[in-house]
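K.L.:
Got a structure for you, questions after.
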Amino acid sequence: MPSEFIIAVHAMAYLRKHPRLISSEELAENICVNPVRVRKVMAKLKAYGLIDTKQGLSGGYSFSIQNETVTLSQIYDALQMRIFHSNWRSGNAHLKCIVSSGMAQVMDDLYETMEATCYEKLKAISICDVVKELEQLYALKENTNERR
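According to our numbering, the sequence shown is numbered sequentially starting from 582.
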């Protein structure tokens, strides 16, 4: 899975959980990546309308859609990427070998199927779902720590 998607989901969950302006430095520290990588991803989310930005010293990012309908598929669309894709192809379509001549097409078809299946799953998961799951994991972790 491309790291930009992971950065974007993490950032969106953080923005949803903390409803205020958040700097790229704060996001980067929480995500554990360089602020430049965060800014590149956030620019795509901004262009798609998923976040708002404010320029300047007191600027930052904020969640722009104040409801529970932002889905992971919207983030995926904003990033204009593919999860299942390879530029490299094995085999050679011109060889007289059934495996070598057809493997690239078989893998391309498989990637398309996996991409469509994954996209349907992403449509069913909202950022609020991600935040709820994070809250449950955190509560479970806290309960485990209290028992020790």
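Note that the Cβ used here is the ideal one computed from N, Cα and C, for glycine as well. Small disclaimer: the values here were computed from a predicted structure and weren't measured.
Tell me where the alpha helix (DSSP H) around G683 begins and ends.
P.N.:
Run containing G683: 679–704, per the alpha helix (DSSP H) assignment.
K.L.:
Please confirm if the stretch 585–603 is in contact with the stretch 623–630, defined as three or more CB-CB distances below 8 Å between the two stretches.
P.N.:
Contact between the stretch 585–603 and the stretch 623–630 is present, because at least three Cβ pairs lie under 8 Å.
K.L.:
Are there 16 or more other CB atoms within 10 angstroms of the CB of I679, so buried, or fewer, so exposed?
P.N.:
Its Cβ having fewer than 16 others within 10 Å, I679 is exposed.
K.L.:
State yes or no: is the C-beta of V712 within less than 8 Å of the C-beta of A609?
P.N.:
No, they are not a contact pair.
K.L.:
For L703, which residues of its own chain have a beta-carbon under 7 Å away from its beta-carbon, when the five flanking residues on both sides are left out?
P.N.:
Contacts found: T652, L653, S654, Y657.
K.L.:
So what does DSSP say about Y642, is it helix, strand or coil?
P.N.:
Reduced to three states, the DSSP call for Y642 is strand.
K.L.:
Out of R728, K635, S584, which one is the CA nearest neighbour of S604?
P.N.:
Cα-wise, what sits closest to S604 is K635.
K.L.:
Report all residues from its chain with a CB closer than 7 Å to the CB of I708; omit the five preceding and five following residues, and keep chain order.
P.N.:
The answer, listed in chain order, is M593, A594, R597, V651.
K.L.:
Tell me the residue span of the alpha helix (DSSP H) that contains T725.
P.N.:
708–728 is the span of the alpha helix (DSSP H), which, as asked, contains T725.
K.L.:
Please report how far the alpha carbon of T698 lies from the alpha carbon of M688, in whole angstroms.
P.N.:
Roughly 15 Å between the two C-alpha positions.
K.L.:
Compute the Euclidean distance between the alpha carbons of Y692 and G672, then round it to the nearest angstrom.
P.N.:
Computed Cα separation, rounded: 17 Å.
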